[in-house]
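**Q** Position one of the sequence shown corresponds to residue 17 (the numbering used here), numbered consecutively onward. Yeah, the Cβ is synthetic: ideal placement off N, Cα and C, and Gly gets one too.
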Amino acid sequence: MDAEIAGLEQKLATLLADYHRLRAENESFKRELGRSLEQNRSLNSRIAAATARLDSLLQQLPESTG
17 MDAEIAGLEQ KLATLLADYH RLRAENESFK RELGRSLEQN RSLNSRIAAA TARLDSLLQQ
77 LPESTG
């Protein structure tokens with residue numbers, strides 16, 4: 017009976033350690049996702065600005081008479 021309880025205690029300790037490790041890993045992933053989403057928003061904004069500048073420059077080019 018004592019061996020059975022000791023085995024269950026060991027399994028519980030392993031389960032709790034895994035829980036805490038995975039919880040910390042999940043928090044890390046959440047922070048990384050937040051940074052990635054912010055970087056994505058920033059890059060999309062820069063792309064939109066570059067697209068607007070290119071469109072403006074293209075409109076300023078003379079039309080070719082081919």
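May I have the straight-line CA-CA distance separating L31 from T67, to the nearest angstrom?
**A** Translated into positions along the sequence shown, residue 31 becomes position 15. Translated into positions along the sequence shown, residue 67 becomes position 51. Each residue's Cα considered, the two are about 52 Å apart.
**Q** In angstroms, rounded to a whole number, what distance separates the CA positions of S61 and R47?
**A** Reading the sequence shown from its first residue, position 45 is the one you call residue 61. Reading the sequence shown from its first residue, position 31 is the one you call residue 47. Answer to the nearest angstrom: the Cα atoms are 21 Å apart.
**Q** Does L49 come out as helix, strand or coil in the three-state DSSP assignment?
**A** Along the sequence shown, read from residue 1 onward, the residue named residue 49 stands at position 33. If DSSP states are grouped into helix, strand and coil, L49 belongs with the helices.
**Q** How many angstroms separate the CA atom of S44 from the CA atom of L24?
**A** In the sequence shown, counting from the first residue as 1, residue 44 sits at position 28. In the sequence shown, counting from the first residue as 1, residue 24 sits at position 8. C-alpha separation (whole angstroms): 30 Å.
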